[in-house]
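Asker:
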Amino acid sequence: MAVNCAVYKSERKPDYYLYLRRDAGQEDDLSSIPETLSSLLGELEFVMELELSEARKLAQADVVEVMRALHESGFYLQTPPKYETVNYIENSKL
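For the sequence shown, the numbering used here assigns the number 1104 to the initial residue and increments by one for each residue that follows.
(1) Sorted by chain position, which residues of the same chain lie with C-beta nearer than 7 Å to Leu1133's C-beta, five sequence neighbours on each side aside?
(2) Please report the straight-line C-alpha distance between Leu1125 and Val1110, rounded to a whole angstrom.
(3) At what residue ranges does the segment 1122-1159 contain a whole run of the alpha helix (DSSP H), taking only runs of 4 or more?
(4) How would you label Ser1156, buried or exposed, when you count the other beta carbons within 10 angstroms and need 16 or more for buried?
(5) If we ignore side chains and look at the alpha-carbon of each, how far apart do Ala1162 and Ala1105 end up?
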């Protein structure tokens, strides 16, 4: 089953993206995000709207995991990949 969502980027945390479930005919409810997460991310800027399905590929997240989080809590937080930091540290030792 497809899930509609809106994607926002954090102004404070580069490469942090918040996916919010978007129900037909309703505006995005940013007040449903936990206060601690909202404080961490700061201002959010709308990026795009997506229709997610199991067949869709996402660049840096597992679409099934995103869809599950959207159904369970109404949002999913995509953080920057961790492997870039590890690779940088490993390469700096050479």
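C-beta atoms are modelled at their ideal positions from N, C-alpha and C, and glycine is treated no differently. The structure displayed is predicted, hence computed values, not measured ones.
Answerer: Considering the structure as presented:
(1) Once the five neighbours on either side are set aside, the close Cβ partners of Leu1133 are Leu1147.
(2) The sequence shown places Arg at residue 1125, not Leu. Their Cα atoms are separated by approximately 10 Å.
(3) The alpha helix (DSSP H) runs lying completely inside the segment 1122-1159 and spanning 4 residues or more are 1138-1144, given in chain order.
(4) Looking at its Cβ environment, which holds fewer than 16 other Cβ atoms inside 10 Å, Ser1156 is exposed.
(5) 18 Å
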